[in-house]
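Here is the structure we will look at, set down as structure tokens.
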Amino acid sequence: MESVILSWLFDDRTPAVPAQTDDEVRCTERHFPAPIPPNESKARPTRICIVCSKRGIKRKEVRNHCPDCPSKPALCYPDYHRDYHTRMVYWM
Numbered sequence: 024m025e026s027v028i029l030s031w032l033f034d035d036r037t038p039a040v041p042a043q044t045d046d047e048v049r050c051t052e053r054h055f056p057a058p059i060p061p062n063e064s065k066a067r068p069t070r071i072c073i074v075c076s077k078r079g080i081k082r083k084e085v086r087n088h089c090p091d092c093p094s095k096p097a098l099c100y101p102d103y104h105r106d107y108h109t110r111m112v113y114w115m
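Printed below as a string of structure tokens:
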């Protein structure tokens, strides 16, 4: 019994660090656009811009993304990249 209590009091394991979300990271750190890396099926892959999608703009496929954000969102450069990283409500 005493060993259990001591292990709870003096636990030497490092605590788990929760993963950061895009909202925590995107507005507080400097991020730079980069091309979406090629994969086995596409040499020049594209993805849908997250800001265009949220704003209801016609589907726009882009070749740039933010490699520093946890979700690596595809973003139109430079306008929507700036909006996404400086506004909490980037789709307005």
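Per my numbering: the sequence shown ends with 115, consecutive numbering throughout.
Backbone N, C-alpha and C define an ideal beta-carbon position, used for all residues, glycine too.
On a predicted model such as this, the values are computed, not experimentally measured, just so you know.
Residue i to residue j span [Cα, whole Å]
i: Asn-87; j: Glu-25; result: 58 Å
i: Tyr-113; j: Ile-28; result: 49 Å
i: Arg-105; j: Glu-63; result: 30 Å
i: Lys-77; j: Pro-68; result: 21 Å
i: Glu-47; j: Ser-94; result: 12 Å
i: Cys-99; j: Val-85; result: 6 Å
i: Ile-80; j: Phe-55; result: 23 Å
Residue i classed as buried or exposed, judged by whether at least 16 other C-beta atoms fall within 10 angstroms
i: Pro-101; result: exposed
i: Pro-60; result: exposed
i: Ile-73; result: buried
i: Ala-97; result: buried
Chain-order list of residues whose beta-carbon lies under 6 Å from that of residue i (same chain, five-residue window excluded)
i: Arg-49; result: Cys-92 and His-108
Own chain, CB closer than 7 Å to residue i, minus 5 neighbours either side, in chain order
i: Pro-7; result: Residue 7 is absent from the model: the chain starts at 24 and stops at 115.
N- and C-terminal bounds of the alpha helix (DSSP H) containing residue i
i: Asp-91; result: Per DSSP, Asp-91 belongs to no alpha helix (DSSP H) and is neither H nor E.
i: Tyr-103; result: 102-109
Sequence-distant residues of the same chain with beta carbon closer than 8 Å to residue i, five excluded per side
i: Gln-43; result: Pro-93
Inset, instruction - Please specify which runs of the beta strand (DSSP E), each continuous and at least 3 residues long, are wholly inside the segment 45-76, giving them in chain order. - result: none
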